[in-house]
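Peer 1: Structure incoming, see below.
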Amino acid sequence: MKRYLFKRLLTGLLTIVIAFVINFLIINLAPGDPIKTLMGKESDDPVLRAALEEKYGLNKPLHIQFFSYLKTAMRGDLGISIIYNRPVADMIAEKLPATILLVLTSGVLSLIIGTAMGIVAARKEGTFIDVLFSGFSYILNSMPSFWLGLMLIIIFSTVLNILPTYGMTDARASYTGMAYVLDVIKHMILPVGTLVLIEIPMYYRIAKSSVLQVTNEDYILTLRATGMSEKKIFNKYIFRNAILPTVTIFGISLAYLITGVSLIETVFAWPGTGRLVLTAINQRDYPTLIGIYLIMSVSIAVVMIVVDIVYAILDPRIRY
Amino acid sequence: MDNVILDVRNFNVTYVNKYKKVYAVKDANFSINRGDSLGIVGESGSGKSTMAMALLRLLPEKSTEISGSAYFLGKDLVKLSEEELKKLRWKELSVVFQKSMNSLSPVHRIRTQVEDIYRVHNPKATREEIAERFIHLLKLVNLSDRVYNLYPHELSGGMLQRVSIAISLINNPKLLIMDEATTALDVVTQGQILDEVVKMEKEMDMTRIMITHDMSVVATSCNKVAVMYAGEIMELGYVKDVLKKPMHPYTKGLMASFPSLKGKKEKLQSIGGFLPDLSKKYEGCIFAPRCSSAMDICQKKPPVIEMENGRTVRCHLYGGER
Amino acid sequence: MIRTIVNDKQLLFGILGLIFLLLVAVLAPVIAPEDPYYYGPDVLNKLGENGHLLGTNKMGQDIFSMIIHGTRTSLKVAVISAFISGILGMLIGGVAGYFGGQVDRAISEFINIFMMLPTFFLILLIIALFGNSIYNVMVVIGITTWPSNAKLMRAQALSLRERTFVKAATAMGESRLQILFKYIIPNGVFPVIANTTVGMSNAILTEAGLSFLGLGDPNIISWGQMIYDGKAYLTSAWWIATFAGIAIVITVTIFYLLGDGLNHVMNPKRSKGKGV
Chain A
1 MKRYLFKRLL TGLLTIVIAF VINFLIINLA PGDPIKTLMG KESDDPVLRA
51 ALEEKYGLNK PLHIQFFSYL KTAMRGDLGI SIIYNRPVAD MIAEKLPATI
101 LLVLTSGVLS LIIGTAMGIV AARKEGTFID VLFSGFSYIL NSMPSFWLGL
151 MLIIIFSTVL NILPTYGMTD ARASYTGMAY VLDVIKHMIL PVGTLVLIEI
201 PMYYRIAKSS VLQVTNEDYI LTLRATGMSE KKIFNKYIFR NAILPTVTIF
251 GISLAYLITG VSLIETVFAW PGTGRLVLTA INQRDYPTLI GIYLIMSVSI
301 AVVMIVVDIV YAILDPRIRY
Chain B
1001 MDNVILDVRN FNVTYVNKYK KVYAVKDANF SINRGDSLGI VGESGSGKST
1051 MAMALLRLLP EKSTEISGSA YFLGKDLVKL SEEELKKLRW KELSVVFQKS
1101 MNSLSPVHRI RTQVEDIYRV HNPKATREEI AERFIHLLKL VNLSDRVYNL
1151 YPHELSGGML QRVSIAISLI NNPKLLIMDE ATTALDVVTQ GQILDEVVKM
1201 EKEMDMTRIM ITHDMSVVAT SCNKVAVMYA GEIMELGYVK DVLKKPMHPY
1251 TKGLMASFPS LKGKKEKLQS IGGFLPDLSK KYEGCIFAPR CSSAMDICQK
1301 KPPVIEMENG RTVRCHLYGG ER
Chain C
2001 MIRTIVNDKQ LLFGILGLIF LLLVAVLAPV IAPEDPYYYG PDVLNKLGEN
2051 GHLLGTNKMG QDIFSMIIHG TRTSLKVAVI SAFISGILGM LIGGVAGYFG
2101 GQVDRAISEF INIFMMLPTF FLILLIIALF GNSIYNVMVV IGITTWPSNA
2151 KLMRAQALSL RERTFVKAAT AMGESRLQIL FKYIIPNGVF PVIANTTVGM
2201 SNAILTEAGL SFLGLGDPNI ISWGQMIYDG KAYLTSAWWI ATFAGIAIVI
2251 TVTIFYLLGD GLNHVMNPKR SKGKGV
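Chains as they are written, first to last, in our numbering: chain A, 1 to 320; chain B, 1001 to 1322; chain C, 2001 to 2276.
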């Protein structure tokens, strides 16, 4: 277990380093000189240029540049946003909680709903409900998330007029306490609903196929031959074995959500990092974009390590 | 009749799906007395595993039809309700499957699985009680009691198969079915396990059905043998009679394709041709197309001819209408 | 061959759908009633108004014609990026699996790490910095999505190199590169092809996502771009975004069906029947 943990941590660390390398390469390979990229296309302030040159040591060889870049970034210094003239790290930290709220809520909900649907479909394989769920998941899988979000806005807001579509709170009212929480929840329904619908197929497919596969295993046949009740066989043995791949999928799904959420935040004007991405793209604010990419890479690496450790705890076979 | 553990009459198993029917077992008749060990041999696809699974009622009910009767301790396994069947399962009738690596849940300790299985019939049993009973069985199959607390992946294939056998014996069943239970093991381990099984049987007053494609397994561990081909029992009798003097041309062919145990060097021969398509019904003898002694009359269904010592042969060569 | 296709419903619908898409793409100028780049006088027309089947947008472009022509963009993005990704995946995975040893270890570790990085955002970043022409989009999707193909090819190569015909070729003195291109890649290509089809779906979705963030190629008509434009008119002219999205859903579904069908046919391990 210790060795496994160590190996995983090492891979995680390596992932983060590679993310830095890629970042560094992109900045250096992009058309125009790196300083210009870091300063944004429209700005050409000689004072700032000198400061950046000094900071990143741009007159030195490439590998030295890389290490000084790594060193500043490791200290939490992700550069200064040209547009807002503020440290990128601060801006991201400010927007992060809203994004995390969205990502975790929809991650957990889609895990529960998608897995439950998959189990039901596997238990009733070939029935109407299986066909219905499978068709539903197929179509959802083909939908661009942002388009689904727009369609939900048309249905629930324009036509039915029952849900808010914009922001995280009602800007006209200033709620406190419980009323504030309820207001946020109301604003979360559409963005979370969209993300959950988009994530359901992943969990549905893995849960269904894995339950079907485990049900056909020899040890389940043996348990049937012992006269054990179907309920106990399912609850204790099939479920416990079939849930393992879902753990891995949870990691992949969170990783997808961390990036995919930008699109949904754009649709619903959710005040998270996604909004930051959109403005950074529109304003050519490269330090911000690069900073967000780094933060995303690091959080995904962390999520993956945690998921792998959870998996190792659940599956006794991985304890070398 | 008191001595009869299992009596199978006109037993048929048919797989049914949307497009076709597959006649996997046809008109099987045999009975096993207390203390017997019956080997069912045949090549893969001969229906031997299907027959075992059907007797255990473990085939999916939607896609199989079973007819005939199989009286086990006076109760017909074919007609028994699921509830009544549950009372028999593992207590009187247990099974060991082929794939030792897959016969236990990989994410539960052996202890957990044994406790759950034992409590199906003894819900109030304590952990200590079960541990004591199982460790005794582990000794019988030459395993240390340390095994009890391990996970399946921590054991080798041979050890796992021994654990499976020990689990199958936990309720002291009257009848044990071993479905290719030693096939996946190396020859030495296989030999050891077979020896242990034969020894235990005497100790525990158990009857056994051994399903295998390996004649040598039958020769070393069974007293009766049924030779199956394409879903039919071709020849049935005591091992000492059948192996010494095989009568059915298929049994002869099967014997010739295995090396002699006594070490006489003979040329091994394989039987020409392939298994027939079991989704069709055949008028005549099912083995005729591959049989070197086939005659005109083989276009008709051969009768089951009864000989001395309970032996039966399904072949025109040994009488019936000519 | 024909029977396999007819028997596998997913493959059948996938192939019929693909034929349909290709026909629409090739015959786009014939099917589309108007030039999609033509800024007409009918601004924000409703469905059916002035003969515009699916209405018009703020520039007076005919939505139906735009969708028909958008098929070309989507197919082009799908095919070219999946092709690049497939070729890279086959080469890198083939080398890793067949050469083995240190090379394999290094490449495998790199693949694992690369698969953990946020691909969509990497694409976004590169497009933002390097410019958002449709060719950049295709190339960047191609060079960032190869790892899954490489993984499949590597697994194939690992098993193929133990096969007799490969060993025979080695004994005959053929060079490792020759064997790689003559035996390993041609014999291991099928799972990669099936996976590439799924990759096409993802490429279409990625292109649409980029367009929606304002990183689409403004000189070209694409469905993602239409949704991006339609967002501002969601309440007043819902048809602009809606139908472009439906076109994406249909196209992506077709590629998924095709991919699943190919997977079934090329890995015939579906039979559940145990030994009789």
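Here a beta-carbon is modelled for each residue, glycine too, at the ideal position from N, C-alpha and C. Remember, predicted model here, so these are calculated numbers, not experimental data.
Mind checking which residues open and close the alpha helix (DSSP H) that includes B:E1306?
Peer 2: In the second sequence, the residue the question calls residue 1306 of chain B occupies position 306. That residue, B:E1306, is in no alpha helix (DSSP H); its beta strand (DSSP E) goes 1304-1306.
Peer 1: Who are B:V1016's beta bridge partners in DSSP?
Peer 2: The count along the second sequence starts at 1 and reaches residue 1016 of chain B at position 16. Answer by DSSP bridge pairing, in chain order: B:K1021.
Peer 1: Closer than 9 Å between beta carbons: that is the criterion. Which residues of the stretch 117-150 of chain A meet it against chain C?
Peer 2: Cβ contacts with chain C: Y138, I139, N141, S142, M143, P144, S145, F146, W147, L148, L150.
Peer 1: Can the beta-carbon of B:K1280 be found less than 7 Å from the beta-carbon of B:I1005?
Peer 2: The residue you call residue 1280 of chain B lines up with position 280 of the second sequence. The residue you call residue 1005 of chain B lines up with position 5 of the second sequence. Going by C-beta atoms, B:K1280 is not nearer than 7 Å to B:I1005.
Peer 1: Quick one: measure Cβ to Cβ for C:I2031 and C:I2068, integer angstroms, because I've assumed they're closer than 8 Å.
Peer 2: Translated into positions along the third sequence, residue 2031 of chain C becomes position 31. Translated into positions along the third sequence, residue 2068 of chain C becomes position 68. Confirmed, Cβ separation roughly 5 Å.
Peer 1: Out of A:T246, A:I309, A:L314, A:D315, which one is the CA nearest neighbour of A:T11?
Peer 2: Taking the first residue of the first sequence as position 1, residue 11 of chain A is located at position 11. Nearest of A:T246, A:I309, A:L314, A:D315 to A:T11, Cα basis: A:I309.
Peer 1: Kindly list the residues whose CB is nearer than 6 Å to the CB of A:I189, restricted to its own chain and excluding five residues on each side of it in sequence; keep chain order.
Peer 2: Mapped onto the first sequence, residue 189 of chain A falls at position 189. When the five nearest sequence neighbours on each side are left out, the beta carbons in the same chain lying within less than 6 Å of the beta carbon of A:I189 are those of L163, in order along the chain.
Peer 1: With DSSP collapsed to three states, give me the class of B:S1044.
Peer 2: As a working mapping, residue 1044 of chain B is identified with position 44 in the second sequence. Three-state DSSP puts B:S1044 in coil, outside helix and strand.
Peer 1: Going by DSSP in three states, B:R1290 sits in which element: helix, strand or coil?
Peer 2: For the purposes of this step, residue 1290 of chain B is taken as the residue at position 290 of the second sequence. Of the three classes helix, strand and coil, the one that applies to B:R1290 here is helix, per DSSP.
Peer 1: Is there a Cβ from chain A that is less than 7 Å from the Cβ of C:G2014?
Peer 2: Taking the third sequence and counting its residues from 1, one reaches residue 2014 of chain C at position 14. Chain A, which has no Cβ nearer than 7 Å to the Cβ of C:G2014, makes this no.
Peer 1: With a CB to CB cut of under 8 Å and the five nearest residues on each side skipped, what residues in its chain are close to A:A19?
Peer 2: By 1-based counting over the first sequence, the position of residue 19 of chain A is 19. If we look at A:A19 and ignore the five residues flanking it on each side, its Cβ neighbours are Y293, L294, S297, V298, A301.
Peer 1: Please list the residues of the stretch 1214-1236 of chain B that have a C-beta atom closer than 9 Å to any C-beta atom in chain A, keeping them in chain order.
Peer 2: none
Peer 1: Between the C-alpha atoms of C:V2137 and A:S209, what's the straight-line distance to the nearest angstrom?
Peer 2: The residue given as residue 2137 of chain C occupies position 137 in the third sequence. The residue given as residue 209 of chain A occupies position 209 in the first sequence. Roughly 34 Å separates the two Cα atoms.
Peer 1: When we look at the beta-carbon of C:I2184 and count the other beta-carbons within 10 Å, is it buried (16 or more) or exposed?
Peer 2: Numbered from 1 along the third sequence, position 184 holds the residue referred to as residue 2184 of chain C. Buried: at least 16 other Cβ atoms inside 10 Å.
Peer 1: Would you call the stretch 1037-1047 of chain B in contact with the stretch 1202-1211 of chain B, where contact means no fewer than 3 C-beta pairs closer than 8 Å?
Peer 2: Contact between the stretch 1037-1047 of chain B and the stretch 1202-1211 of chain B is present, because at least three Cβ pairs lie under 8 Å.
Peer 1: Under 6 Å Cβ to Cβ from A:K232, same chain only, skipping five residues before and after it: list those, please.
Peer 2: The sequence position of residue 232 of chain A within the first sequence is 232, counting from 1. Counting only Cβ-Cβ distances below 6 Å, and skipping sequence neighbours, we find nothing.
Peer 1: Using a Cβ-Cβ cut-off of less than 8 Å, give me the residues of the stretch 285-317 of chain A that come near chain C, in sequence order.
Peer 2: Under the 8 Å Cβ criterion, the stretch 285-317 of chain A contributes Y286, L289, I290, I292, Y293, M296, S297, I300, A301, M304.
Peer 1: Return the Cβ separation of C:S2074 and C:W2223 in integer angstroms, given the expectation that the two are a contact with Cβ distance under 8 Å.
Peer 2: Residue mapping note: residue 2074 of chain C aligns to position 74 of the third sequence, counting from 1. Residue mapping note: residue 2223 of chain C aligns to position 223 of the third sequence, counting from 1. Indeed, because the Cβ distance is near 6 Å, the residues count as touching under 8 Å.
Peer 1: Return the first residue and the last residue of the beta strand (DSSP E) that B:E1232 is part of.
Peer 2: Taking the second sequence and counting its residues from 1, one reaches residue 1232 of chain B at position 232. Per DSSP, B:E1232 belongs to the beta strand (DSSP E) from 1232-1238.
Peer 1: Terminal residues of the continuous beta strand (DSSP E) containing B:E1180?
Peer 2: Residue 1180 of chain B sits at position 180 when you count from the first residue of the second sequence. For B:E1180, no beta strand (DSSP E) encloses it, and the DSSP letter there is neither H nor E.
Peer 1: Go ahead and pull the three-state DSSP assignment for A:I318.
Peer 2: Residue mapping note: residue 318 of chain A aligns to position 318 of the first sequence, counting from 1. Reduced to three states, the DSSP call for A:I318 is coil.
Peer 1: What are the start and end residues of each continuous alpha helix (DSSP H) run of 4 or more residues lying completely inside the stretch 2125-2204 of chain C, in chain order?
Peer 2: 2134-2144, 2146-2160, 2164-2171, 2176-2179
Peer 1: Grouping DSSP H, G and I as helix and E and B as strand, with all else coil, what is B:R1057?
Peer 2: Locating residue 1057 of chain B in the second sequence gives position 57, where the first residue counts as 1. Reduced to three states, the DSSP call for B:R1057 is coil.
Peer 1: Pull up the distance between the alpha-carbon of C:A2171 and that of C:F2099, whole angstroms please.
Peer 2: Here residue 2171 of chain C is taken as the residue at index 171 of the third sequence, counted from 1. Here residue 2099 of chain C is taken as the residue at index 99 of the third sequence, counted from 1. Each residue's alpha carbon lies about 16 Å from the other.
Peer 1: When you check each C-beta in the stretch 154-183 of chain A against every C-beta of chain C, which residues fall closer than 8 Å?
Peer 2: Against chain C - using a Cβ distance shorter than 8 Å - the residues of the stretch 154-183 of chain A are I154, T158.
Peer 1: If contact is defined by three or more beta carbon pairs under 8 Å, each pair taking one atom from either stretch, is the stretch 1210-1217 of chain B in contact with the stretch 1122-1132 of chain B?
Peer 2: no
Peer 1: Kindly indicate which three-state DSSP category A:T169 falls into: helix, strand or coil?
Peer 2: For the purposes of this step, residue 169 of chain A is identified with residue 169 of the first sequence, where counting begins at 1. DSSP places A:T169 in coil when its eight states are reduced to three.
Peer 1: Inspect the beta-carbon positions of C:G2214 and A:I281 and report whether they are closer than 7 Å.
Peer 2: Here residue 2214 of chain C refers to the residue found at position 214 of the third sequence. Here residue 281 of chain A refers to the residue found at position 281 of the first sequence. Cβ atoms of C:G2214 and A:I281: closer than 7 Å.
Peer 1: Under a Cβ-count criterion, where at least 16 other Cβ atoms within 10 Å of its own Cβ denotes burial, should B:S1221 be classed as buried or exposed?
Peer 2: Position 221 of the second sequence, counted from the first residue, corresponds to residue 1221 of chain B. Its Cβ being crowded by 16 or more others within 10 Å, B:S1221 is buried.
Peer 1: Tell me which residues share the same chain as A:I318 and place their Cβ nearer than 8 Å to its Cβ, disregarding the 5 neighbours each side in the sequence.
Peer 2: The count along the first sequence starts at 1 and reaches residue 318 of chain A at position 318. Closer than 8 Å at Cβ, skipping near neighbours: Y4, Y311, A312.
Peer 1: In chain A, which residues lie less than 9 Å from C:P2036 when you measure between Cβ atoms?
Peer 2: Within the third sequence, residue 2036 of chain C is the residue found at index 36, counting from 1. Correct list: empty, because the minimum Cβ distance to chain A is about 20 Å.
Peer 1: Which residues in the same chain as A:L96 place their Cβ atom closer than 7 Å to its Cβ, once the five residues preceding and following it in sequence are excluded?
Peer 2: By 1-based counting over the first sequence, the position of residue 96 of chain A is 96. These residues qualify, in order along the chain: T273.
Peer 1: Along chain A, which residues have their Cβ under 8 Å away from the Cβ of C:P2118?
Peer 2: One-based indexing of the third sequence puts residue 2118 of chain C at position 118. By Cβ distance, chain A contributes A255, I258, T259, Y293, M296, S297, I300.
Peer 1: Nearest-angstrom Cα distance between B:C1291 and C:G2199?
Peer 2: Looking up residue 1291 of chain B in the second sequence gives position 291. Looking up residue 2199 of chain C in the third sequence gives position 199. Looking at the two C-alpha atoms, the distance is approximately 55 Å.
Peer 1: Within 10 angstroms of the Cβ of A:P287, are there 16 or more other Cβ atoms? Answer buried if so, exposed if not.
Peer 2: Taking the first sequence and counting its residues from 1, one reaches residue 287 of chain A at position 287. Burial call: buried.
Peer 1: Can you name the residues of chain A whose CB is closer than 9 Å to the CB of B:D1116?
Peer 2: As a working note, residue 1116 of chain B is residue 116 in the second sequence. Chain order gives the chain A residues near B:D1116 as L223, T226, M228, K232, K236, Y237, where near means a beta carbon separation below 9 Å.
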